[in-house]
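*Asks:* Numbering (this note's numbering), first residue to last: 158 to 412.
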């Protein structure tokens, strides 16, 4: 607290000392506090960070398995069941965190800004653009429901000699596959993705679709942050004024 009658002040905190320089009215304090809170809230959603970490874990696992499987007989025979189970677990983790991010962000934006706000509109438009124009995102959006309700995130794994070996040690490679007809038979809620599936090969690799979906998710979050930054631009002016009132800070932090 300050020595002024208001009980509020701008100052500098350094180690265990407090230098209170400018007495504030309660109204001034509340203005600065609110601006600081709005700017402090500018960060990636925890749920997005979780989805990104799960995606990185999946990519690291696939890279590790690619190295081990690529060595072929130098390592030993490939137990496809043992390599499939951890990959499926990581895919499920990632799919779950993607849906968590989308649902939680929708709820957060609507509750904080309203369902007619620019913030919600920008996020909704980003999601719609990704769904309409990117097969990977559209597929993953429906694939998550398929996995939750009725099927596994992989149908089979094939191990074969590579068509173009990367090195003399690259003896074989694995492909993690989904079976088109099995997906269509087991689940009837694919929506527009049904037509996409019908145009795919009978067996297709899942990894490229996941990669494309993650790139879409990054763009969605980037635009959300852009919109959030624009919405609090005026708050930076308020805090700049507060810093000017405090004056030079040689050590410590403004408070």
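Where is the CB? At the ideal position from N, CA and C, for every residue including glycine.
I want to know whether the stretch 366 to 375 touches the stretch 218 to 229 - three or more CB-CB distances under 8 Å.
*Replies:* Counting Cβ pairs under 8 Å, fewer than three are found: no touch.
*Asks:* Thinking residue 359 and residue 332 are a contact (beta carbons under 8 Å), I'd like their distance in whole angstroms, please.
*Replies:* Actually they do not touch by this definition, with Cβ atoms about 13 Å apart.
*Asks:* Judging by CA-CA distance, which residue of 334, 346 and 379 is the nearest neighbour of residue 357?
*Replies:* Closest option to residue 357, Cα to Cα, is 334.
*Asks:* Establish whether the CB of residue 182 and some CB of chain B are separated by less than 8 Å.
*Replies:* The displayed structure is made up of one protein chain only, and chain B is not part of it.
*Asks:* Output needed for residue 425: all residues of its chain with C-beta closer than 7 Å, excluding positions within five of it in sequence on either side, in chain order.
*Replies:* Not covered by the structure: residue 425. The range shown for the chain is 158 to 412.
*Asks:* Nearest to residue 165 by alpha carbon, out of 177, 171, 172 and 219?
*Replies:* Comparing Cα positions, the closest option is 177.
*Asks:* Straight-line CA distance for residue 284 to residue 270?
*Replies:* Using only the alpha carbons, I get a separation of about 18 Å.
*Asks:* For residue 193, which beta-bridge partners are listed by DSSP?
*Replies:* In the DSSP output, where bridge partners are listed per residue, residue 193 has none listed.
*Asks:* Using a threshold of 8 Å, state whether the C-beta atoms of residue 252 and residue 301 are closer than that.
*Replies:* Their beta carbons are under 8 Å apart, which means residue 252 touches residue 301 by this criterion.
*Asks:* Using the beta-carbon count (16 or more within 10 Å), is residue 349 buried or exposed?
*Replies:* It is exposed - the Cβ of residue 349 has fewer than 16 other Cβ atoms within 10 Å.
*Asks:* Under the assumption that residue 397 contacts residue 167 (Cβ atoms under 8 Å), give the Cβ distance between them as a whole number of angstroms.
*Replies:* The pair is not a contact, with the Cβ atoms about 13 Å apart (cut-off 8 Å).
*Asks:* Would you mind giving the Cβ-Cβ distance between residue 202 and residue 258, rounded to the nearest angstrom? I have them listed as a contact below 8 Å.
*Replies:* Contact flag correct, Cβ pair sits at about 6 Å.
*Asks:* Along the alpha helix (DSSP H) that carries residue 176, what are the first and last residues, could you check?
*Replies:* Unbroken run through residue 176 is the beta strand (DSSP E), 174 to 181; no alpha helix (DSSP H).
*Asks:* Tell me the DSSP secondary structure of residue 168 in three-state form.
*Replies:* Three-state result, residue 168: strand.
*Asks:* By DSSP, does residue 225 sit in helix, in strand, or in coil?
*Replies:* The answer is helix: DSSP assigns residue 225 an H, G or I state.
*Asks:* Excluding the 5 residues flanking residue 248 on each side, which residues of the same chain have their C-beta closer than 6 Å to its C-beta?
*Replies:* Counting only Cβ-Cβ distances below 6 Å, and skipping sequence neighbours, we find 310.
*Asks:* In terms of residues, what are the limits of the beta strand (DSSP E) holding residue 332?
*Replies:* Note, residue 332: beta strand (DSSP E), 330 to 336.
*Asks:* When the distance is taken between beta carbons, is residue 264 closer than 8 Å to residue 204?
*Replies:* No, these two residues do not count as a Cβ contact at 8 Å.
*Asks:* Express the C-alpha separation of residue 380 and residue 282 in angstroms, rounding to a whole number.
*Replies:* The straight-line gap from Cα to Cα measures roughly 10 Å.
*Asks:* Whose C-alpha, out of 206, 376 and 275, is nearest the C-alpha of residue 387?
*Replies:* The residue with the shortest Cα to Cα distance from residue 387 is 275.
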